[in-house]
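Since the structure comes first, as structure tokens, the remarks are kept for the end.
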Amino acid sequence: MINVTIWNEGRHEKRDAPVAAIYPDRIDGAIAAGLVGDFAITRVTLDDPEQGLPQDLLDRTDVLLWWGHLAHDEVSDDLVSRIQQRIVAGMGLVVLHSGHHSKLFGRMMGTNANLSWRELPEGDLERVWVIDPAHPIAEGLPPYFEIPASEMYGEPFDIPQPDELIFLSWYSGGEVFRSGCTFKRGRGRIFFFSPGHETFPIYHDAHVHRVISNGIRWAHQPHRDGRILANWHRAAPLHPKP
Ligand code: ZN
1121 MINVTIWNEG
1131 RHEKRDAPVA
1141 AIYPDRIDGA
1151 IAAGLVGDFA
1161 ITRVTLDDPE
1171 QGLPQDLLDR
1181 TDVLLWWGHL
1191 AHDEVSDDLV
1201 SRIQQRIVAG
1211 MGLVVLHSGH
1221 HSKLFGRMMG
1231 TNANLSWREL
1241 PEGDLERVWV
1251 IDPAHPIAEG
1261 LPPYFEIPAS
1271 EMYGEPFDIP
1281 QPDELIFLSW
1291 YSGGEVFRSG
1301 CTFKRGRGRI
1311 FFFSPGHETF
1321 PIYHDAHVHR
1331 VISNGIRWAH
1341 QPHRDGRILA
1351 NWHRAAPLHP
1361 KP
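Encoded structure:
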């Protein structure tokens, strides 16, 4: 059982009727409904007490999902620091779509994470190519899948060189984007996946559900507690002193 916490900013669903129509149970609800795996899911939003992530919930979260867009600046620096410490201790993080500009992703990357983008009312065709089919995050996926209406996110994407590239997206305008990539920070694993604009029903797509489910499983590390590993080293030194 993996304890998954889905953190959704939750403001578009309150403010924008078209978004609420696509996601009547919010974006986090659509994601939660589609995940397939042995997951215990907790859904929280920015407007919940302690911005959705009191320390006790953070402490028992194995993998945190992050969707934000309008209110990145409202997330407290203290919360970002507490999440960062959980990640470097081994908690998994899955950052979705416009979460690329969140304080949290910026903190973990150390860059602005800027990118090129184009938002058309009718959307762009996005073809998501699986470029590392042997990777666990690509399990069960076809060679590529298409999102008929997506927001174009294009290169250059201002991130450090990812540890792994799983997906590369192509758009009808000819742009390309590193749409699925992984990073390690301390003991924690981070997966970024870009499709997920709020005015399109992308989080109702079965391929997207599969990617996020796989991403959670990959980011989860059962032996994540750094204190246990540190104690093991003390108990069994490689070169014991006489
Ligand atoms: Zn967007």
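Numbering (the working numbering), first residue to last: 1121 to 1362. Heads up, the beta-carbon is just placed ideally off N, CA and C, and yes, glycines get one too.
Taking Cβ positions, are residue i and residue j nearer each other than 8 angstroms?
i       : j       : result
Leu1261 : His1327 : yes
Val1124 : Ala1150 : no
Ile1336 : Gly1157 : yes
Arg1305 : Ile1207 : yes
Ile1111 : Val1214 : Residue 1111 is absent from the model: the chain starts at 1121 and stops at 1362.
Arg1298 : Phe1265 : no
With 16 as the cutoff for other CB atoms within 10 Å, does residue i come out buried or exposed?
i       : result
Leu1349 : Low confidence applies here, because Leu1349 scores a pLDDT of 48, under 50, leaving its location unreliable and the question unanswered by this model.
Ala1153 : exposed
Pro1342 : exposed
Ala1254 : exposed
Glu1239 : exposed
Met1228 : buried
Pro1241 : exposed
Arg1146 : buried
Met1121 : exposed
Gly1316 : buried
Thr1302 : buried
Assuming residue i and residue j are in contact, meaning their beta carbons sit under 8 angstroms apart, how far apart are those beta carbons, in whole angstroms?
i       : j       : result
Leu1216 : Trp1237 : Actually they are not in contact, since the Cβ atoms of Leu1216 and Trp1237 sit about 15 angstroms apart, beyond 8 angstroms.
Ala1233 : Ile1279 : 6 angstroms
Asn1334 : Ile1251 : So it is not a contact: roughly 15 angstroms between Cβ atoms.
Leu1155 : His1324 : Their Cβ separation, rounded to whole angstroms, is 13 angstroms, which puts Leu1155 and His1324 out of contact at 8 angstroms.
Arg1163 : Ile1126 : 5 angstroms
Return the residue from the list the options that minimises the CA-CA distance to residue i.
i       : options                               : result
Ala1209 : Asp1176, Arg1307, Leu1190 and Ile1257 : Arg1307
Val1195 : Phe1313, Glu1129 and Val1296          : Glu1129
Leu1185 : Gly1300, Asp1193, Asp1148 and Gln1204 : Asp1148
Val1139 : Arg1305, Ile1203 and Glu1318          : Glu1318
Ile1310 : Asp1182, Phe1265, Val1296 and Gly1243 : Asp1182
Gly1300 : Glu1266, Gln1171 and Trp1249          : Trp1249
Gln1171 : Gly1157, Asp1158 and Ala1191          : Ala1191
Leu1107 : His1189, Gln1205 and Asp1167          : Because the chain in this structure spans residues 1121 to 1362, residue 1107 falls outside the shown range and cannot be described.
Asp1368 : His1189, Asp1176 and Leu1224          : Outside the shown range of the chain, which is 1121 to 1362, sits residue 1368, and nothing can be said about it.
Glu1284 : Phe1312, His1189 and His1132          : Phe1312
What number of angstroms, rounded off, separates the C-alpha of residue i from the C-alpha of residue j?
i       : j       : result
Val1200 : Pro1263 : 36 angstroms
Pro1321 : Gly1212 : 26 angstroms
Gly1243 : Ser1314 : 15 angstroms
Thr1165 : Ser1222 : 14 angstroms
Leu1235 : Pro1174 : 31 angstroms
Asp1136 : Ile1286 : 33 angstroms
Gly1293 : Pro1282 : 25 angstroms
Arg1247 : Gly1274 : 13 angstroms
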